[in-house]
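Beneath this line is the structure, given in structure tokens, with notes to follow.
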Amino acid sequence: MDKEEFNIDLYMMKLTKSYHLHQILSKKENVDIEIRGISNGIQSMLYDNYTKFITAADVVSKIKVNFEEMEENMNLLEIKMSCSKHQLNLKT
8 MDKEEFNIDL
18 YMMKLTKSYH
28 LHQILSKKEN
38 VDIEIRGISN
48 GIQSMLYDNY
58 TKFITAADVV
68 SKIKVNFEEM
78 EENMNLLEIK
88 MSCSKHQLNL
98 KT
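Next comes the structure, spelled out in structure tokens:
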């Protein structure tokens, strides 16, 4: 059933010729259970991937903020070092 070349009409004809009604209903119930399981699995996988995406976006945002703070600190350090160098030059 999960192949592209699956032919529903041929499958139904085979079912109606080869099985009794209660067997067909049983197969339907099994297919319904399988569909629900697959659907739940897909939904769970999508939720997990969405959660990972949101977490990754938060991490990237925090990294950006940290780099901006580090850049500000480096600029302040550069200014302080420049002032210290200038003061040393004045003393000599």
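Count along the sequence shown starting at 1, add 7, and that's the number in the working numbering.
Ideal placement from N, C-alpha and C gives every residue a C-beta, glycine not left out.
{"Query": "Separation of V72 from L83, as counted between CA atoms", "Result": "17 Å"}
{"Query": "Supposed close pair L22, I31 - CB separation, criterion 8 Å", "Result": "5 Å"}
{"Query": "N14 (DSSP reduced to helix, strand or coil)", "Result": "coil"}
{"Query": "DSSP three-state assignment for Y54, whether helix, strand or coil", "Result": "helix"}
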